[in-house]
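Residues 5 to 352 in our numbering are what the sequence shown lists, from first letter to last.
Virtual Cβ for every residue (Gly too), placed ideally from N, Cα, C.
To keep things clear, I will list the structure first and then write my remarks on it.
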Amino acid sequence: MYCSRLSNLSSLLDKEEIEKLDRYFQSLIGDAKNCITVSKIIRVLGISSQSACKVLTECKKNHILRVNFSVRCPECGLLIYKSANLSNIPEEILCYNCDNEFVTTPENIEFLYSLIDDSLDDSVFIIGQQNYVNTSGKSVAQENTMDRIFQAGGVNEYLFHPTDEQYIALSNLYSRVMNAEGKKEKGDTLENLTIKLFNLCNVFKAAGIRTTTNQIDCFVRNKICLNYGIFQTIGSRIYIECKNENKKPLGSYISKLHSLISITNASGKGECIKFGIIVSKKSAPSTFKSNAVKYYLAQKIIIISICANEIKQLIEQKGNLLELIERKATEIMLDSTTDLVKNGLYDI
Numbered sequence: 005m006y007c008s009r010l011s012n013l014s015s016l017l018d019k020e021e022i023e024k025l026d027r028y029f030q031s032l033i034g035d036a037k038n039c040i041t042v043s044k045i046i047r048v049l050g051i052s053s054q055s056a057c058k059v060l061t062e063c064k065k066n067h068i069l070r071v072n073f074s075v076r077c078p079e080c081g082l083l084i085y086k087s088a089n090l091s092n093i094p095e096e097i098l099c100y101n102c103d104n105e106f107v108t109t110p111e112n113i114e115f116l117y118s119l120i121d122d123s124l125d126d127s128v129f130i131i132g133q134q135n136y137v138n139t140s141g142k143s144v145a146q147e148n149t150m151d152r153i154f155q156a157g158g159v160n161e162y163l164f165h166p167t168d169e170q171y172i173a174l175s176n177l178y179s180r181v182m183n184a185e186g187k188k189e190k191g192d193t194l195e196n197l198t199i200k201l202f203n204l205c206n207v208f209k210a211a212g213i214r215t216t217t218n219q220i221d222c223f224v225r226n227k228i229c230l231n232y233g234i235f236q237t238i239g240s241r242i243y244i245e246c247k248n249e250n251k252k253p254l255g256s257y258i259s260k261l262h263s264l265i266s267i268t269n270a271s272g273k274g275e276c277i278k279f280g281i282i283v284s285k286k287s288a289p290s291t292f293k294s295n296a297v298k299y300y301l302a303q304k305i306i307i308i309s310i311c312a313n314e315i316k317q318l319i320e321q322k323g324n325l326l327e328l329i330e331r332k333a334t335e336i337m338l339d340s341t342t343d344l345v346k347n348g349l350y351d352i
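Here's what the structure looks like:
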């Protein structure tokens with residue numbers, strides 16, 4: 005039933021293991037189809053925790069499984085919240101079973117995988133829905149936690165995965181950017197596309213904001229601070245400036261964004277903003293990168309540029325925004341002169 009799609013796991017599992025995984029998926033009935041975990045895959049296949057994490061991540065990537073993020077109370081073990089969107093999980097939760105109030109962390113967020121062809125309801129699990137539970141032995145197994153799964157890799161895949169419909173919506177917004185007339189319409193359409201794109205990341209909240217001295221075209225809040233992959237570099241906030249000119253953006257734009265970030269950071273005394281992005285219709289001049297490298301070496305502030313053609317490529321290839329950001333940041337931090345995509349290090 006699943007074997008043809010599971011063949012994509014041949015780099016992780018041998019033929020016998022793939023057949024064993026296929027039989028396991030076929031044997032699941034009822035709610036068991038919605039409760040697939042790393043620990044269960046370890047038992048079924050007899051593989052390591054890291055290998056099981058990679059297997060489930062690859063199954064998700066190949067649309068065999070979907071994932072829900074769930075929270076169990078660390079005190080009594082009750083499942084008290086479940087959502088397909090990580091940003092929906094409250095930062096603090098009061099357990100209605102034992103009155104324990106706790107902060108949600110990668111150590112108490114559990115990944116529950118479901119077979120995609122299952123017809124059971126995939127709605128959000130709301131606090132208070134679970135009226136009874138036998139809490140014995142219900143604490144989160146470490147191998148099932150977000151912390152352990154993200155350590156094994158694949159964080160970008162989990163947190164940025166738009167649907168086909170969302171990619172179509174992005175394509176429509178991109179067309180509006182390219183066909184806009186008038187300065188205000190051009191600016192608004194590019195900002196709308198940028199905000200929409202970043203809001204598709206599971207842990208980002210993006211919007212335009214004003215301060216007492218400036219207007220930020222797109223301010224991105226990283227709702228859950230994660231110490232994995234590119235999120236260690238991004239920090240908790242991003243400033244994004246959108247430039248809609250039909251020519252290469254001026255070299256002074258990057259210095260202005262750097263100055264704005266430095267002022268926000270109290271001239272280096274604070275760490276409010278670590279990451280900035282300039283989104284422009286045309287590609288940035290070579291001076292952008294050389295200046296960005298200087299800013300990184302001097303203050304550990306990273307500023308990258310993304311042009312409309314790169315956004316178009318991301319949409320057409322159904323690429324990953326987080327991977328694009330990670331690749332761009334890596335080029336700045338390494339001062340790389342090598343094409344990291346052509347060398348096979350990144351897909352976009």
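Per DSSP, the bridge partner or partners of residue i
i      : result
THR149 : GLU114
LYS209 : ARG225
GLY280 : TYR243 and ILE307
VAL107 : GLU96
LEU13  : DSSP output for LEU13 lists no bridge partner at all.
TYR85  : VAL75
PHE164 : CYS205
Integer Cβ distance of residue i from residue j, believed to fall under 8 Å
i      : j      : result
ILE258 : PHE292 : 5 Å
SER175 : ILE319 : 5 Å
THR193 : ALA184 : 5 Å
VAL75  : ILE93  : 6 Å
LYS322 : TYR85  : Contact flag wrong, Cβ pair sits at about 30 Å.
SER118 : LYS37  : 6 Å
CYS57  : ALA156 : 4 Å
Proximity of residue i and residue j at Cβ, strictly below 8 Å
i      : j      : result
PHE288 : CYS311 : A small correction: the amino acid at residue 288 is Ala; Phe does not occupy that position in the sequence shown. Yes, the Cβ-Cβ distance between ALA288 and CYS311 is below 8 Å.
LYS298 : ASN248 : no
ILE1   : HIS262 : Since the first and last residues shown for the chain are 5 and 352, residue 1 lies out of range.
LEU90  : CYS39  : no
PRO110 : PHE73  : no
ASN226 : ILE238 : yes
GLU335 : LEU325 : no
LEU60  : LEU25  : no
Neighbourhood of residue i by C-beta distance below 8 Å, restricted to the same chain and skipping five residues each side
i      : result
LYS304 : LYS278
THR139 : With a pLDDT of only 39 at THR139, under 50, the local geometry of the prediction cannot be trusted, and no value is derived from it.
LEU177 : THR193, ASN196, LEU197 and LYS200
PHE223 : ALA210, ALA211, GLY212, ILE213, ARG241, ILE242, TYR243 and ILE244
Own chain partners of residue i with C-beta closer than 7 Å, once the 5 adjacent residues on each side are dropped
i      : result
GLU327 : ASN160, TYR350, ASP351 and ILE352
Helix, strand or coil at residue i [DSSP, three-state]
i      : result
LYS298 : helix
GLN236 : helix
VAL71  : strand
ILE258 : helix
TYR350 : coil
ILE120 : coil
GLN219 : strand
ILE40  : strand
Same chain, Cβ closer than 6 Å to residue i, five either side skipped, listed in chain order
i      : result
CYS66  : Looking at the sequence itself, residue 66 is Asn, so the reference to Cys does not match. Here the set comprises ARG9 and ASN12.
SER309 : ILE282, ALA288 and PHE292
ALA270 : none
CYS276 : THR268 and ASN269
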